Structures are given as C-alpha cells and as structure tokens.
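Presented below is the structure to which this report refers.
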Amino acid sequence: VLSLDPRVHFALNCGAKSCPPVKDFTVPDIDKELDIVAQAFVSDDGNVCIDEENNALALSMIFHWYRADFADAKSKLPNFIAKYLHGERKHTLLRMMTSGKKIHIEFMPYDWSVAAEGSKEFDGAQGCPNEAKIKSLFFSGKSAGRRSSNE
C-alpha cells in the first residue's frame, strides 16, 4: 500500500452496530467496490445526518477518530462526504457548503452493541462436529473446554 485510501474505513467491520456492514471484496473490482461502500455509508442518516435548516452535520464517530484520513481539517470533512453522496442529499450538502455560512459539525455516539442480526444461537444439545477444532481456537494450550479452577 503506497498511500492510505480512506474508503477502507467503510469496508472494515468490528462487529458493532455502528460499523459498516460486512462485505466481500474482489481484487479486480476493489476500487469500484470501495466506492460503493463509501456511497452506502455516507448515504445512511445513521452515519451522515444533514440538517440544512441549522447548517449542521452529525457524523459517525469514524469521521472523528480517523479525521486525518479523510481531510486535513474537521471543516473539510463535508468536501470528502460530498464526493460520495448522490441526489438530493448531495445537492443539500453542496448548498450548505456554498452558502457562506460555517457548517456546524458534531459526531454521533458510536453504538458498540453487537450487530448480530441473522446470527443463530448455538444449541449445545445438538452437538458440534467441529467442537474440538473450535475450542482449540479459544483454549490453546489448555484442555479443550475445561478450565482449571485458578483461571
């Protein structure tokens, strides 16, 4: 990697609800796919909330934590975001940017709760054909599934 591509922040996922969704990427189409995830991320009101009446933006904490990857100043974040917006949301942000008024930028709280939609609870009663292998990932060097009383 020669230089950081800030779109990578929309492709990575830590499993929290405020994270971008998990996607598979392909080598031949990575640039197009990163554009798509960037567009999807900034198009979601949960990540970029545009309030034209108050000339304000509420942004995902990702823009705060990694601000230097997106823009050299907080006030320039709208420039990055506008590149990936479409339709009326883009027009609204562009009007705000050219109004001559300062855009008030705040950052939304990050939702660290687990984004486990569609996940299934493991039913231990049914057994697991790969149980030993799975346990070895979590209990390396220990008896799989058993912990000593001093752990």
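Counting in the numbering used here, the sequence shown runs from -15 upward without gaps. Backbone N, C-alpha and C define an ideal beta-carbon position, used for all residues, glycine too. From a predicted model like this one, the values you see are computed outputs, not experimental measurements.
Asked, Found
"On the three-state DSSP scale, how would you describe E90?", "strand"
"Note down, one range per segment and in chain order, each beta strand (DSSP E) of at least 3 residues found wholly within the stretch 49 to 89.", "none"
"For D35, name the three-state secondary structure that DSSP assigns.", "strand"
"For the putative contact between F64 and A55, defined by C-beta atoms under 8 Å, what is the C-beta separation to the nearest angstrom?", "5 Å"
"Which residues in the same chain as H(-7) place their Cβ atom closer than 6 Å to its Cβ, once the five residues preceding and following it in sequence are excluded?", "I46 and Y50"
"Which term fits S(-13), buried or exposed, when burial requires 16 or more other beta carbons within 10 angstroms of its beta carbon?", "exposed"
"Assign A24 to one of three DSSP states: helix, strand, or coil.", "helix"
"Have a look at H88, A24 and M92 and flag the residue whose alpha-carbon is nearest the alpha-carbon of N38.", "H88"
"Of the choices A24, I14 and V11, whose alpha-carbon is the least far from that of Y68?", "A24"
"Helix, strand or coil for V(-8)? Go by DSSP, reduced to three states.", "helix"
"When we look at the beta-carbon of I34 and count the other beta-carbons within 10 Å, is it buried (16 or more) or exposed?", "buried"
"Only counting the same chain, and skipping five residues up and downstream in sequence, which positions put a Cβ closer than 8 Å to that of F91?", "A42, L43, S44, M45, F47 and H48"
"Taking Cβ to Cβ, would you say K7 is nearer than 8 Å to A(-5)?", "yes"
"Taking 8 Å as the threshold (C-beta atoms), are A57 and M81 in contact?", "no"
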